[in-house]
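Number of protein chains: 2
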Amino acid sequence: MSEKMAEVLRYVESNGDAALERLCDLLRIPSISTQKHHSADCRKAAGWLADELRGLGFTASLREVSWAEPGHPMVVGHDEANEEKLQSGQTHVLFYGHYDVQPTDPEVLWNTDPFKPCLKETDDGRKVIVARGASDDKGQVMTFIEACRAWKAVHGELPVAVSFLLEGEEESGGENLLPFLKANLEELKADVALICDTAMPDRKTPAITTSLRGTVAEEIELVAACQDLHSGMYGNAAANPAFLLCQIISGLRDEKGRVTLPGFYDGVTEPDEQVRAQWRALYPDDAALLEGVGLSQAAGERGFSAIEQTWCRPSFEVNGLTGGYQDDGFKTIIPARASAKLSFRLVPGQDPLKIREAFRAYVRAALPEDVDAVFTSHGASPGFAVNGESPFLLATLEALSSEWGQRAVMTGCGGSIPVAEEIREALGMDALMVGFAQADDRIHSPNEQYGLDSFFHGIRSWVRILAALAR
Amino acid sequence: MSEKMAEVLRYVESNGDAALERLCDLLRIPSISTQKHHSADCRKAAGWLADELRGLGFTASLREVSWAEPGHPMVVGHDEANEEKLQSGQTHVLFYGHYDVQPTDPEVLWNTDPFKPCLKETDDGRKVIVARGASDDKGQVMTFIEACRAWKAVHGELPVAVSFLLEGEEESGGENLLPFLKANLEELKADVALICDTAMPDRKTPAITTSLRGTVAEEIELVAACQDLHSGMYGNAAANPAFLLCQIISGLRDEKGRVTLPGFYDGVTEPDEQVRAQWRALYPDDAALLEGVGLSQAAGERGFSAIEQTWCRPSFEVNGLTGGYQDDGFKTIIPARASAKLSFRLVPGQDPLKIREAFRAYVRAALPEDVDAVFTSHGASPGFAVNGESPFLLATLEALSSEWGQRAVMTGCGGSIPVAEEIREALGMDALMVGFAQADDRIHSPNEQYGLDSFFHGIRSWVRILAALAR
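Just so you know, the sequences run in chain order A and B.
The first sequence runs 1 to 471 under the numbering used here.
The second sequence runs 1001 to 1471 under the numbering used here.
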């Protein structure tokens, strides 16, 4: 390790409290992007980040986006030294993260206010910070910003040219990202993108996520009678949209757990046996993935382990169901309408738009004359796999291995980070997904947390990666 | 028509405004029995009715019930002249109605406050009173009370001995009724019960409902993971209780619309061809029942018309569905739990307790190891058919035919009025269901209404029936 980098790592050690305080400032902003009444909070989080970047010597600005709803601004920043570095042939990295967070319902299950971050020691003695967005993705975004701060503080400059793109709609469709990338191609193009929005396979093993699942997220509302009906007077004779919704949803998986839409598995390839073996070492049985959340066995497509089902197999899930009477007691009605939020997770090779159309055609074909369906798209993005020959992959794996004292591995991820695929599509460059979250961080759930080990090892990891990517 | 009765009918004509004002007073009390925070309102409605009865020369009292929740009081009243009439061999009738009402959600669909009754003229020129409970059942209860008032006002006495039983839990399981009847057998036993909680087949044809469907109402909650999960990280591998709920519900009807529970149709008899013909005259096609609510075709069991499906065939309905994210936008979770309110409508011959057990066994058999089910019963009552040889049936049909100028018919009803069966079981007497509601009264729905024609012809009908039942 160079003495230069060692000095930066020592700076990180000595200035941890201030870094944590800055993260808490960001976590206090309730930037829930899918809820309209939090629009001003999203803008506030964007402004806070732009101010941070300016304080580090970046030119930074909020960039309006209006191709689609909700239209929360992008934060774009460039190190003032970038031009000089690029002229001398230095590597240019674009860092991507998102400042928006998921909703906080059900609020009653939170032990503390989701937007009042607090430090807690878990049962296994780990120190964590609890807040909505702590792990997904504010804590992770701040690991990279703090690494930049440390390099600048100690040496007055970064090892490479660095630009930032911080999004505010990752949790609500993110439909503005691709047009924004395309409209700002020259400004955003770099040698490689770094994305910090993924998890480690366990507490000690660093990883680069080399595959992601895409998503087709759909909301359907079925509408039948012009009003809720008395289920005695009309029961049997009147179309029941809640029952029909259950039939439609139930028909989307067969008895082997496979999705039934025609053409759904077109383009899907079986996982490589060597990769499966590596994953089996990390997750020897289904419980290794599931027991932390109170489950024991893989529920989806037969013939694949739990980790394979999430990392490399497409799926269908019900995310929300609504219809009829939901309060205390009982109400004998046939609801006039019923709706569901549904999503398909896609692997590389599947075409999201074709699958969306196949889904809608399937629903339409199931509708009797008296029932109408209204469809709302909540996003469609393909699966993604990193180019194994990326010149930046090895350097990053090595930097991670050094920081954590354990060989970094390549893993899959069942979630969607459409930006990785969109960066490749729009900007023609690779995206390396390096993240420090843990499986038990409860992202999207009540009492979301981020470990201080994740946070500080994360900052140190980026300090090393920035050095490793320099030419 | 006797001059004595004609005088009473003229009194009804001349005192309509005051009768309507009394109905409005009762409608202003929000006696929603299934919602705990309305318990005091239920008691208030009971007290209001007891006061009315006392004003008419009845001994009346609130009777506590505590065999089951929610425990709203019964109102019991006896005409002070009963003993004298019984000694002289006069007929004794027990009138049953209920003072509780359904919840009012969704409130936004009401054009006026559900508990501020208002008079309205409908598009077809009919005057109606709009309020929750206007038709089901406060308006109908008041037709009988006003008929008694008119007899007493004009002649100082009723033609027959009259007792009242007014319930406060008809819309919330009504589990206290049967034990209350059994515990008060001697006090409540009469020659015949009169129940006013049913509808007419059209605007002009009076009817006695001679069959009713019973109900098995069940709530199930499926519980899987210990928290909502990220649907990317866990999707496919984690059990999804919302999807499983849809599978379970979907499996409860086959492709012919028949309920699939083993033994479900045991004891069910096909309807008599003569009865079917009478019903076909009233409802020549499915649209005749359904078009008023925006539907066109019978959705349930194939081989039966819409009216047969509701009047004489058992059914299964989804009354409410809840699971996962239900707010604006999208949340990529696998819900930890999902629940449904479900009901079976039963015809005479089916055993409600056997059907409840068959349902629960079916659900339990569908559960994988990682999912638990919690069951809550919201009532179980058998179907009902009137004894065709009741000595009071013909007299009542004739009185109705005279009042409406059209021959009264015997109809079925798809709804449940467990009291009819329970009165037969506990008190060993027949119950005649005579009601003046209309199909478009929107009972259980927003903007419930009761026509002034229903109300005043209803009062006059009871004036005649009381005379017709006298020996």
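We treat Cβ as the ideally placed atom computed from N, Cα and C, and that holds for glycine.
Note that the structure is a prediction, hence the values are computed from the model and not measured.
Proximal residues to residue i (C-beta, below 8 angstroms), its chain only, five neighbours per side dropped
i: A:Lys331; result: Gly324 and Tyr325
i: B:Lys1036; result: Pro1070
i: A:Leu432; result: Val192, Ala193, Leu194, Ile195, Ile208, Val386, Ser390, Phe392, Leu393 and Thr396
For residue i, the residue or residues it bridges with in DSSP
i: A:Leu9; result: Paired residue(s): none; A:Leu9 is not in a bridge.
i: B:Ala1287; result: B:Ala1287 is not bridged to any residue.
i: B:Arg1120; result: One point to set straight first is that residue 1120 of chain B is Lys, not Arg, in the sequence displayed. The partner list for B:Lys1120 (beta bridge, DSSP) reads B:Val1128.
i: A:His78; result: A:Thr59 and A:Ser163
i: A:Tyr450; result: A:Ile129
i: B:Ile1417; result: DSSP output for B:Ile1417 lists no bridge partner at all.
i: B:Val1463; result: According to DSSP, B:Val1463 bridges with nothing at all.
i: B:Ser1031; result: For B:Ser1031, which the question treats as bridged, DSSP gives no partner whatsoever.
i: A:Thr411; result: A:Thr209
Unbroken alpha helix (DSSP H) run spanning residue i, endpoints
i: A:Ser231; result: Ser231 to Tyr234
i: B:Cys1148; result: Gly1139 to His1155
i: A:Gly320; result: Note, A:Gly320: premise wrong, no alpha helix (DSSP H); beta strand (DSSP E) at Ser315 to Gly324.
i: B:Lys1182; result: Leu1177 to Ala1183
Proximal residues to residue i (C-beta, below 6 angstroms), its chain only, five neighbours per side dropped
i: B:Met1410; result: Ile1208 and Thr1210
i: B:Asp1285; result: none
i: B:Ile1465; result: Thr1396 and Ala1399
i: B:Ser1343; result: Thr1215, Ala1217, Glu1317 and Asn1319
i: B:Ile1334; result: Leu1229, Ser1231, Tyr1234, Ala1238 and Asn1240
i: B:Gly1412; result: Ser1211, Trp1311 and Cys1312
i: A:Pro446; result: Leu109 and Trp110
i: B:Asp1430; result: Val1192, Asn1387 and Ser1390
i: A:Asp137; result: Gly97, His98 and Asp197
i: A:Ser454; result: Phe436
Euclidean distance between Cα positions of residue i and residue j
i: B:Trp1279; j: B:Arg1407; result: 14 angstroms
i: B:Arg1126; j: B:Glu1170; result: 29 angstroms
i: A:Thr322; j: B:Ile1248; result: 16 angstroms
i: B:Met1142; j: B:Asp1197; result: 11 angstroms
i: A:Asn240; j: B:Cys1246; result: 14 angstroms
i: B:Gly1097; j: B:Leu1049; result: 11 angstroms
i: A:Ser14; j: A:Glu121; result: 21 angstroms
i: B:Ile1459; j: B:Val1374; result: 46 angstroms
i: B:Asp1472; j: B:Val1347; result: There is no way to answer for residue 1472 of chain B, as the model of chain B reaches only from 1001 to 1471.
i: A:Tyr362; j: B:Leu1229; result: 27 angstroms
i: B:Ala961; j: B:Gly1415; result: Past the edges of chain B, shown from 1001 to 1471, lies residue 961 of chain B, and the structure says nothing about it.
i: B:Ala1336; j: B:Ala1237; result: 14 angstroms
i: B:Ala1242; j: B:Leu1222; result: 8 angstroms
i: B:Trp1404; j: B:Ala1281; result: 18 angstroms
i: B:Tyr1283; j: A:Asp370; result: 19 angstroms
i: B:Leu1181; j: B:Leu1062; result: 14 angstroms
i: A:Arg203; j: A:Ser402; result: 15 angstroms
i: A:Gln87; j: A:Lys4; result: 23 angstroms
i: B:Val1268; j: B:Ala1131; result: 37 angstroms
i: A:Gly77; j: A:Cys118; result: 29 angstroms
Cutoff 7 angstroms; reference residue i; Cβ partners in own chain excluding five residues on either side
i: B:Arg1054; result: Ala1060
i: B:Gly1057; result: Asp1079, Glu1080 and Lys1152
i: A:Lys354; result: Gly263
i: B:Ile1145; result: Glu1052
i: B:His1457; result: Glu1403, Trp1404 and Phe1436
i: B:Leu1367; result: Ala1373
i: B:Arg1302; result: Lys1256 and Gly1257
i: B:Cys1226; result: Ala1336
Endpoints, the beta strand (DSSP E) within which residue i is located
i: A:Gly97; result: His92 to His98
i: A:Glu218; result: Gly214 to Val223
i: A:Val374; result: Asp372 to Ser381
i: A:Ala338; result: Arg337 to Leu346
i: A:Val434; result: Asp430 to Val434
i: B:Val1108; result: Run containing B:Val1108: none; DSSP gives neither H nor E here.
i: A:Ile195; result: Val192 to Ile195
Short CB-CB distance (under 8 angstroms) between residue i and chain E
i: B:Val1318; result: Considering every chain present, this structure includes no chain E. Its protein chains are A and B.
Any contact between the segment 1366 to 1381 of chain B and the segment 1415 to 1427 of chain B? By contact I mean 3 or more CB pairs, one from each, below 8 angstroms. yes
Using 8 angstroms as the cut-off, can you tell me whether the segment 1088 to 1105 of chain B makes contact with the segment 1025 to 1032 of chain B, which would need three or more C-beta pairs spanning the two stretches below that distance? yes
Check whether the segment 1161 to 1175 of chain B and the segment 1186 to 1197 of chain B are in contact - that is, three or more C-beta pairs closer than 8 angstroms. yes
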